[in-house]
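Letter by letter, the sequence shown follows residues 31 to 404 in my numbering.
Idealized CB from N, CA, C, for every residue including glycine.
What you are looking at is a predicted structure, and each value in this text was computed from that prediction instead of being measured.
Following: one structure in structure tokens, then a few remarks.
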Amino acid sequence: MKICHLSSYTVDFLNRMPMLSPHPTMTICLVVYFDIWFEYLYLRPIMYRSLVAYVLPMTPCLLYGVYYGGFLIQFLIEKMGMMGSLPKPYGYFVPDVIVGAVVGLVVGWCFGPLSPVASRWLSKTSIIHGFLQITVVALAISSQLFPYSTGAPKRVVLQHTFVTDANNIVDSSYGFSVVDSNSLEFLFNNAPEAAKWLKDNSELSFEEKYRSDRSSWLALYPVPFLFSGSLKFQAQTEEIKKYYQHFPQLAVQEIWDNNGQRRVHLKLALGSLSEIWTSVLNITGPLSNWSFADNMLPAPQTVSGGPPSYICRLSGKSDVDWSFWLEANSSESLRVDVAVLDQYLVDSTKKLKSLFPSWADLTAFTTFFSTYHL
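Quick look at the structure:
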């Protein structure tokens, strides 16, 4: 009776294979196991029993791979949405390329082990044509779908900036920015009510002169490094005086001078603001020391191609004044930009925010900006 027939491939393998185990029974079992799997998976048509024997043992591994791969894709898509808008022209495609590559990798490691099973059917021309047609139709349909919804909104930042000088309002503007690849032009084209409101109150244009750089977003430091393509439109200046009598102001208390070393003692009064989130100082010039961070200067920053500067963020109660000192090692003046972020919105800003559709998630705030030369 014929017990086992070894294929010619297995015989050739045995001639080249060293002894795998000193125990002959173990060697015979390994050889028979190799022959069965090789002959069933590659030399003979895949029958029902061999299919079950191949798929069932790897099912737990495949399920774990699908679970882990799905978690990885979801995590990556979330992080790609948080990485900010990259510079054009290629920045628009970078997140999509990264997500597509990872999705392909996950599909490969999840379903790659099933390729010997599926290869028999996938090799048919009709199946390949069907997959290609489904892919083309899916691409055509997906390109027409709107990319945002209430559950997956477009993140938009709205800043109402007031430039102050003592208790006077010098200028006022609305600043807009986004943190994904779809520009503000896309936003306003799909938010006609907000665009109409801005046109009635200022000139709505996407020209270069209406674009703003990161320096106008100082109050959000370091978040503006995620922005690109920000726009700024003029706003009313007198409305804020209905709500606040006093604005943030930096006052000199004392100046100490010793052979070119100047130490300026300052007090930052936050005025009558009530919902302050943070205050940011941007110091440019020959700064050699300060009273913050145990008298240790951090590495200088460069904002929008400007000169190196030192940036400090302050947070606390709005009724508390900040007293500190800055030290310069030359007679050259220090420039201090002060940006105070207040979460209170005036009526016009609330109205503008309400005009955007539900798929746009706006983070809105008010910024008071002032500049001092010491």
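Span separating the alpha-carbon of residue i from that of residue j
{"i": "Lys184", "j": "Trp320", "result": "40 Å"}
{"i": "Thr207", "j": "His190", "result": "Rather than Thr, the amino acid found at residue 207 in this sequence is Ser. Answer to the nearest angstrom: the Cα atoms are 12 Å apart."}
{"i": "Gly134", "j": "Ser211", "result": "22 Å"}
{"i": "Pro177", "j": "Ser202", "result": "33 Å"}
{"i": "Gln174", "j": "Gly95", "result": "32 Å"}
{"i": "Asp367", "j": "Gly142", "result": "58 Å"}
{"i": "Pro21", "j": "Ala369", "result": "Given a span of 31 to 404 for the chain in the structure shown, any question on residue 21 remains unanswerable."}
{"i": "Asp97", "j": "Thr89", "result": "Rather than Asp, the amino acid found at residue 97 in this sequence is Tyr. Rounded to the nearest angstrom, the two C-alpha atoms are 12 Å apart."}
{"i": "Val166", "j": "Thr180", "result": "28 Å"}
{"i": "Leu248", "j": "Asn288", "result": "33 Å"}
{"i": "Tyr122", "j": "Ile285", "result": "51 Å"}
{"i": "Phe216", "j": "Tyr402", "result": "38 Å"}
{"i": "Ile128", "j": "Leu169", "result": "18 Å"}
{"i": "Cys59", "j": "Pro87", "result": "Unreliable positioning characterises Cys59 in this predicted model, as indicated by a pLDDT of 46, which lies under 50. The coordinate reading is nonetheless provided below. Answer to the nearest angstrom: the Cα atoms are 19 Å apart."}
{"i": "Cys91", "j": "Pro222", "result": "51 Å"}
{"i": "Leu144", "j": "Ser172", "result": "28 Å"}
{"i": "Ala329", "j": "Ile158", "result": "58 Å"}
{"i": "Ala93", "j": "Tyr120", "result": "Checking the sequence shown, residue 93 turns out to be Leu, not Ala. When rounded, the distance between both Cα atoms is 36 Å."}
{"i": "Val186", "j": "Val82", "result": "52 Å"}
{"i": "Lys271", "j": "Pro252", "result": "29 Å"}
{"i": "Val350", "j": "Leu303", "result": "11 Å"}
{"i": "Lys154", "j": "Ile164", "result": "16 Å"}
{"i": "Gly138", "j": "Ser149", "result": "14 Å"}
{"i": "Lys380", "j": "Gly346", "result": "25 Å"}
{"i": "Asn198", "j": "Val310", "result": "20 Å"}
{"i": "Met110", "j": "Leu228", "result": "30 Å"}
{"i": "Ser361", "j": "Asp126", "result": "52 Å"}
{"i": "Val333", "j": "Val200", "result": "23 Å"}
{"i": "Ser388", "j": "Ala182", "result": "10 Å"}
{"i": "Ser384", "j": "Lys226", "result": "13 Å"}
{"i": "Phe322", "j": "Leu261", "result": "33 Å"}
Within 8 Å, strictly: CB atoms of residue i and residue j
{"i": "Leu405", "j": "Ala224", "result": "Absent from the model: residue 405. The displayed extent of the chain is 31 to 404, so no value can be given."}
{"i": "Cys140", "j": "Gly99", "result": "yes"}
{"i": "Gln283", "j": "Glu357", "result": "no"}
{"i": "Gly301", "j": "Tyr274", "result": "yes"}
{"i": "Gly259", "j": "Leu188", "result": "no"}
{"i": "Glu269", "j": "Val193", "result": "no"}
{"i": "Asp195", "j": "Ser400", "result": "yes"}
{"i": "Asp372", "j": "Thr393", "result": "no"}
{"i": "Val132", "j": "Leu162", "result": "no"}
{"i": "Leu344", "j": "Thr308", "result": "yes"}
{"i": "Phe386", "j": "Phe277", "result": "no"}
{"i": "Gly336", "j": "Ser246", "result": "no"}
{"i": "Leu250", "j": "Val209", "result": "no"}
{"i": "Phe22", "j": "Tyr240", "result": "Since the first residue of the chain shown is 31 and the last is 404, residue 22 is not available in this structure."}
Assumed close pair residue i, residue j - CB separation to whole angstroms, cut-off 8 Å
{"i": "Asn27", "j": "Ser339", "result": "Outside the displayed range of the chain (31 to 404) lies residue 27, so it cannot be described from this structure."}
{"i": "Trp355", "j": "Arg293", "result": "5 Å"}
{"i": "Tyr84", "j": "Val147", "result": "6 Å"}
Option in the options with minimal Cα separation from residue i
{"i": "Gln104", "options": "Thr267, Gly130 and Val350", "result": "Gly130"}
{"i": "Leu298", "options": "Glu269, Cys342 and Leu175", "result": "Cys342"}
{"i": "Asn220", "options": "Leu404, Ala390 and Thr397", "result": "Ala390"}
{"i": "Gln266", "options": "Ser378, Pro146 and Ala148", "result": "Ser378"}
{"i": "Val124", "options": "Gly138, Val136, Ile107 and Val137", "result": "Ile107"}
{"i": "Tyr437", "options": "Ile157, Ala182 and Ile306", "result": "For the chain, the structure presents residues 31 to 404; residue 437 sits outside this window and is missing."}
{"i": "Asn325", "options": "Gln331, Leu317 and Thr332", "result": "Leu317"}
{"i": "His295", "options": "Leu404, Leu327, Ser388 and Ser361", "result": "Leu404"}
{"i": "Gln331", "options": "Ser384, Thr314, Ser149 and Gly346", "result": "Thr314"}
Which residues DSSP lists as bridging residue i, in chain order
{"i": "Gln189", "result": "Gly205 and Phe395"}
{"i": "Leu317", "result": "Ala358"}
{"i": "Ser353", "result": "Lys297"}
{"i": "Lys262", "result": "Gly205"}
{"i": "Asp372", "result": "Ile306 and Thr396"}
{"i": "Asp367", "result": "Asn312 and Thr401"}
{"i": "Ser378", "result": "Beta-bridge pairing links Ser378 to no other residue."}
{"i": "Trp286", "result": "Arg293"}
{"i": "Ala281", "result": "Lys297"}
{"i": "Lys184", "result": "Ala390"}
{"i": "Asp195", "result": "Asn198"}
Any non-hydrogen atom of the ligand GDP closer than 7 Å to residue i Cβ
{"i": "Leu327", "result": "By its list of ligands, the structure shown contains no ligand whatsoever, and the ligand GDP lies outside what it can speak to."}
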